[in-house]
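One structure is given below, encoded as structure tokens.
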Ligand code: PMP
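In full-length UniProt numbering, the protein residues as written are 1 to 394.
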């Protein structure tokens, strides 16, 4: 049987990480994989998470299963974190999932189950996993214009024109904040226009929010998502705790189905739990437990928020420093977008050949579409990258 299997192409981002590790140059810089790194290049365990973990070690009395939906207390704190008072609890069905990826997968599964004719509209470009999971599930996918490589910002007119093709029952996937891979985001008035279009068309928004707190702040980053749930009859939300709690390997995420009609909450909840059951049964608990403890304890929560804010401001500073250095070297403002983009990533707009030159000649590793992980930089490497970008003719 196994001989029938076809080779799968290596994951490009993971292959890039491998190539970086094998590069003997000690001046090399890794701007590839989407993991936060501090100035020493480490991905630290956040203080509040560590404290919660120590506390939990003393308190934990059983390793018996949680519920199929995970611990309801986790859902409560996450609904509050993402949606604030934009909804009441009885409007939201929610299940814990293995990471944000698990939530994305379950959301697409739910779409397919509820409406096999639904097409899912995704931004061009988007996180590659969106596309590969949709293809794997056989869900028809339509790309809408999103990124303007001339302005290195959102092509809003193109996006709205493409979304005119949406039909009732289709799903439109939107990044809640910190668009991956471009770093270019809609402003709130553009969000309102998108919402009006979705309502007019009878389409269902799905929000993937994996970087809350990495852009303009915890509350700011959730504003668009909250506006969508206040305005639209039905919304799917996949949220990840990997980045903002720094618990990548614990696989902690949540899928929420929000309906203005409270009568739909029960059936949605049952279906989400059913999907967990089919795909992996009970969701992992440890990361969800830590998040619940941090968010429900005033002191831990305050400490987490201040550390997250340090992380966010550090990345903003790196953006500003890189943009300044590029302005100095190029004598122009054409790299100003780096300071405007938000989140962990920016797409530089370099050609694949220039990306290759940066790797070969300068030991600078970025994704082929010229996405850089801002957190891969530090004060020493910002000028090195800027020089290399200019030398490579970007
Ligand atoms: N959505 C987007 C857009 C992402 O960038 C990520 C992380 N790379 C995720 C979802 C989910 O990540 P995880 O499964 O690690 O929580």
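All C-beta atoms, glycine included, are put in the ideal place defined by N, C-alpha and C.
{"Check": "Between the CA atoms of residue 208 and residue 135 - distance to the nearest angstrom", "Outcome": "18 Å"}
{"Check": "Bounding residues of the alpha helix (DSSP H) (the contiguous stretch that carries residue 326)", "Outcome": "298 to 330"}
{"Check": "Option in 158, 330, 166, 109 with minimal Cα separation from residue 138", "Outcome": "109"}
{"Check": "Own chain residues within Cβ distance below 6 Å of residue 326, not counting five before or after", "Outcome": "335, 386"}
{"Check": "Residue 251 Cβ short of 8 Å to the ligand PMP heavy atom set", "Outcome": "yes"}
{"Check": "Check whether residue 265 and residue 233 have beta carbons under 9 Å apart", "Outcome": "no"}
{"Check": "For residue 221, the three-state DSSP class (helix, strand or coil)", "Outcome": "helix"}
{"Check": "Whole-angstrom distance between residue 119 and residue 197, CA atom to CA atom", "Outcome": "16 Å"}
{"Check": "N- and C-terminal bounds of the alpha helix (DSSP H) containing residue 355", "Outcome": "352 to 362"}
{"Check": "Pair within 9 Å by beta-carbon distance, residue 70 and residue 366", "Outcome": "no"}
{"Check": "Distance between beta carbons of residue 125 and residue 182, contact taken as under 8 Å", "Outcome": "7 Å"}
{"Check": "Beta-carbon proximity check, residue 211 vs residue 241, cutoff 9 Å", "Outcome": "no"}
{"Check": "Three or more C-beta pairs below 8 Å linking the stretch 291 to 311 and the stretch 47 to 63", "Outcome": "yes"}
{"Check": "Three-state class that DSSP yields for residue 367 in the structure shown", "Outcome": "coil"}
{"Check": "CA-to-CA distance, residue 328 to residue 379, given in whole angstroms", "Outcome": "16 Å"}
{"Check": "Cβ neighbours of residue 74 in the same chain (closer than 8 Å, five flanking residues each side left out)", "Outcome": "96, 254, 288, 289, 291, 292"}
{"Check": "N- and C-terminal bounds of the alpha helix (DSSP H) containing residue 130", "Outcome": "128 to 137"}
{"Check": "Sub-9 Å separation of residue 213 and residue 187 beta-carbons", "Outcome": "no"}
{"Check": "Reduced DSSP category for residue 205 - H, G, I as helix; E, B as strand; rest coil", "Outcome": "strand"}
{"Check": "Straight-line gap, residue 313 to residue 344 (C-alpha atoms, nearest Å)", "Outcome": "11 Å"}
{"Check": "Cβ pair residue 235, residue 205 closer than 9 Å", "Outcome": "yes"}
{"Check": "Alpha helix (DSSP H) segment containing residue 274, residue limits", "Outcome": "265 to 279"}
{"Check": "Contact under 9 Å by Cβ, residue 12 with residue 20", "Outcome": "no"}
{"Check": "Member of 239, 315, 1, 176 whose CA lies at the smallest distance from the CA of residue 221", "Outcome": "176"}
{"Check": "Burial state of residue 121 (16 or more Cβ within 10 Å)", "Outcome": "buried"}
{"Check": "From 268, 117, 141, residue whose alpha carbon lies closest to that of residue 123", "Outcome": "141"}
{"Check": "Residue 225 Cβ short of 8 Å to the ligand PMP heavy atom set", "Outcome": "no"}
{"Check": "Helix, strand or coil at residue 344 according to DSSP, with G and I counted as helix", "Outcome": "coil"}
{"Check": "Separation of residue 319 from residue 342, as counted between CA atoms", "Outcome": "9 Å"}
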